[in-house]
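Chemist: The structure's right below; bear with me while I get my questions together.
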Amino acid sequence: MSETSLSDTLNGFTPEPSSARRIVVLISGNGSNLQALIDEQTHDRLGGEIVAVISNVADAYGLQRARDAGIDAVVLPHGEYDSREAYDGALIKVIERHEPDLVVLAGFMRILTQRFVQRFHGRMLNIHPSLLPAYRGLNTHAKALADGVTEHGCSVHFVTEELDGGPVAIQAAVEVGAGETEASLKEKVHAREHLIYPIAVKWFLEGRLRLEGEVATFDGMPLPPQGLRMSHADAAEELDEDLGNS
Ligand code: GRF
């Protein structure tokens, strides 16, 4: 034992690892993206620790995922607050108690107030099931199918006051095959979400991904508006998808 660690031990002082970045995840439902993050954390590949999962829905399955992983699971039901402002004020307090470096929205189905967005400006990410700026809002898979697009996907972006409008960090594309249904498309997009969200979180925690002014940067270089793009082929290979079916 070295002299330094001996004296540390004698003083009862256990230094906190300076690299332990703290993540708070907000959910409303299933939490499959949360699970993808938990899985990376379990393998020490996330670059930080999920210190709390907060849901506005009491029976969100994601809460169980958190508990199963030994993560603090908090319910803050929006129905108990008179206004969006009051709810977001309470949510800010709960989040800040956990002193996060990063707030991750993972299927958190709430419109956020300006105050909330500003509070976590530059340190809040969201994942959206489309290749932004296409198809902001809900029902993205149905809209993509109705338009007959040949390419769809998902995007991780910084959260700004514009709904689904903040600078994009990473996207992953999926080819829309003949005979594709909303369910099949959703499944493929979800698989890609689970690939890229942990990557974005890790890059952020490593300081590689940042929001500088209105622009997302990676290793100091401004990213294009659609961020870094994982192609359909690369994602399919990662996911062991049958390319013949796409
Ligand atoms: C995902 O499709 C994500 O893109 C959107 O909400 C959904 C959450 O799914 N923001 P899950 O709860 O992570 O399974």
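For what it's worth, the numbering used here labels the leading residue of the sequence shown as 889, then goes sequentially. Don't be surprised by glycine CBs; every beta carbon is placed ideally from N, CA and C.
1. Take Leu-1116 and list the residues in its own chain whose beta-carbon comes closer than 6 Å to its own, dropping the five residues that flank it on each side.
2. Reducing DSSP to helix, strand and coil, say where Glu-937 ends up.
3. Using the rule of at least 16 other Cβ atoms within 10 Å of the residue's Cβ for burial, across every protein chain shown, is Glu-1125 buried or exposed?
4. Where are the beta strand (DSSP E) runs, 3 residues long or more, that stay fully inside the region 933–1006, in chain order?
5. Taking 7 Å as the limit between beta carbons, can you name the residues of its chain near Val-1037, skipping five residues before and five after?
6. Quick check on Ser-1134: does DSSP put it in helix, strand or coil?
7. Please return the same chain residues whose Cβ sits closer than 7 Å to the Cβ of Asn-921, not counting the five positions on each side in sequence.
8. Could you tell me the alpha carbon to alpha carbon distance between Phe-1106 and Ala-1088, rounded to whole angstroms?
9. In angstroms, rounded to a whole number, what distance separates the CA positions of Ser-1043 and Ala-1060?
10. What would DSSP say about Val-1103, mapped onto helix, strand or coil?
11. Could you tell me whether the region 910–925 touches the region 974–991, where touching means 3 or more Cβ pairs closer than 8 Å?
12. Quick one: Cα of Ala-978 to Cα of Asp-1052, how far?
13. In terms of residue numbering, what span does the alpha helix (DSSP H) encompassing Phe-1080 cover?
14. Is Ser-920 helix, strand or coil by DSSP?
15. Please list the terminal residues of the continuous alpha helix (DSSP H) segment that includes Glu-1125.
16. For the putative contact between Leu-1019 and Glu-1039, defined by C-beta atoms under 8 Å, what is the C-beta separation to the nearest angstrom?
17. Do Leu-1013 and Ala-1079 have their beta-carbon atoms positioned less than 8 Å apart in this structure?
18. Where does Gln-1114 fall in DSSP's three states?
Modeler: Inspection of the coordinates gives the following:
1. Ile-1058
2. strand
3. Exposed, by the Cβ-count rule.
4. 937–943, 960–963, 990–993
5. Val-1064
6. For Ser-1134, the predicted structure reports a pLDDT of 44, less than 50, and the residue's modelled location is therefore unreliable. A value from the coordinates is still provided. Ser-1134 falls in the coil class under three-state DSSP.
7. Ala-994, Gly-995, Ile-1015, Glu-1081, His-1082, Tyr-1085
8. 10 Å
9. The C-alpha of Ala-1060 is placed about 7 Å away from the C-alpha of Ser-1043.
10. strand
11. yes
12. 23 Å
13. A small correction: the amino acid at residue 1080 is Arg; Phe does not occupy that position in the sequence shown. 1070–1093 is the extent of the alpha helix (DSSP H) around Arg-1080.
14. helix
15. It spans 1120–1126 - the alpha helix (DSSP H) in which Glu-1125 sits, taken as one unbroken run.
16. 7 Å
17. Going by C-beta atoms, Ala-1079 is not nearer than 8 Å to Leu-1013.
18. coil
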